[in-house]
Amino acid sequence: MANVPLPELLRPKTLKEFVGQENLVGKGGIVKILLENSAKESFFPSLIFWGPPGTGKTTLARIIAGSLKREFFEFSAVNAKVKDIESLINDQKQLKLINAPIIFLDEIHRFNKAQQ
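Next up, the structure:
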């Protein structure tokens, strides 16, 4: 833990610790409602987060994965290959998991149309 960067140590780990984006995580917020309902339905939809850097998109995705107790895979379209992402998805489909992992693809706009 001594070599963990300070921002990573300070990153919120729960919705309660997450500051801002009340329209998503506060009372009546869609993410909060989806998380509450997922306990009953074991279903969580695909989401697209957009906004400027530093607004909590990646952190919120990690919190969602942690709340759902699902594995979290993070890719950046800047350096990820479509083949790697497809391979992960195919591997996960073969496992036929009840609780599918959360796959977070950052900077997806960096992919060209064919890659998307």
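Residue 47 in numbering that gives the first Met the number 0 sits at position 48 of the sequence shown, and the numbers go up by one each step.
Cβ coordinates follow ideal geometry from the N, Cα and C atoms, glycine included.
Boundaries of the alpha helix (DSSP H) in which S86 is found, first to last residue: V81 to L94
Meets three-Cβ-pair contact criterion under 8 Å: the segment 81-96 and the segment 51-68: no
Rounded to whole angstroms, what is the Cα-Cα separation between E73 and G28? 24 Å
Are at least three pairs of beta-carbons, each pair with one atom in the segment 75-84 and one in the segment 99-108, less than 8 Å apart? yes
Compare the C-alpha of N98 against each of G55, S41 and G50 and name the closest. S41
Helix, strand or coil for I101 per DSSP? DSSP places I101 in the strand class (E or B) of the three-state scheme.
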